[in-house]
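My numbering puts the sequence shown at residues 386 to 564.
Written out below as structure tokens is the structure these notes cover.
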Amino acid sequence: MADHVRISKTLSYWLRHKPESAGLALSADGWADVDAVLAALAAQNQPGDVDTLLAVVETNDKQRFELSPDLARIRARQGHSIEIELALAPVTPPNVLYHGTVERFLAAIMADGLRRMGRHHVHLSAELETARRVGARRGDPVILIVDAAAMARDGHVFFVTGNGVWLTEQAPAAYLKCS
Ligand code: HQG
């Protein structure tokens, strides 16, 4: 199990941020060849086979990765800092979405709105508990309630990833409320 977590961390880095650090080339929509990934892992003393990757994908706590149906390719589902076209279709969001953050970012967020920061999108969740967990990575979580219905009405576009993370370009402060 510990090995799966270690491989998952390595894959996060390669498939979301720095594929070139492992000599990997990603397709425009983020896929890497499984054979190339396995070779790169072996070169890092993390040997495994397709079954290892299957186990990593399936046991990952946040379903961060997916394998293609033919098991020839693997990609991260979201969270990239590199330019990736995930080809998600716009979806009507639930009326309310949540964002977990911490007190020290609040003044800036209430001035500038929620911004993508290092990522391609602002990450939101449909469940309060998920937002709480995301905020708690940085300290005492503060939950922002996002008026997604109003945003959608005003032309903001939303996407949802395969593992239920809601994405949008930005959320202006007018749509945000502190819980
Ligand atoms: C904050 C993890 C100042 C924002 C998690 C957040 C999630 C602002 C931080 C996923 C701001 C960015 C995403 C503004 C936003 N001024 N601060 N205008 N707008 N912020 O990590 O949402 O492990 O990029 O509140 O579980 O925290 O990667 O985003 O605190 O699902 O799979 O700037 O990352 O998943 O931080 O987390 P992040 P996030 P993974």
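Even for Gly, the Cβ is constructed at its ideal location relative to N, Cα and C.
Fewer than three pairs of CB atoms, one per stretch, sit closer than 8 Å, so the segment 445-458 makes no contact with the segment 479-492. The beta carbon of N445 sits closer than 6 Å to those of S393, all from its chain and outside the five residues before and after it, given in chain order.
With a cut-off of 8 Å on Cβ pairs, the segment 528-546 is in contact with the segment 464-481, counting three or more such pairs.
If you ignore the 5 residues before and after V441, its C-beta comes within less than 6 Å of the C-beta of H389, I392 and S393, all in its own chain and listed in chain order. The alpha-carbon separation between Q431 and L423 amounts to approximately 9 Å. Annotation for H508: V550 place their beta carbon closer than 6 Å to its own, counting only its chain and skipping 5 residues before and after. The Cβ atoms of P454 and V542 lie no closer than 7 Å to each other. Taking the CA atoms as reference points, I459 sits about 15 Å from G408. A residue is called buried once 16 or more other Cβ atoms fall within 10 Å of its Cβ, and Q463 is buried on that count.
Counting only residues of its own chain and dropping the five nearest sequence neighbours on each side, E554 has a CB closer than 8 Å to the CB of R501, H506, V507, H541 and V542.
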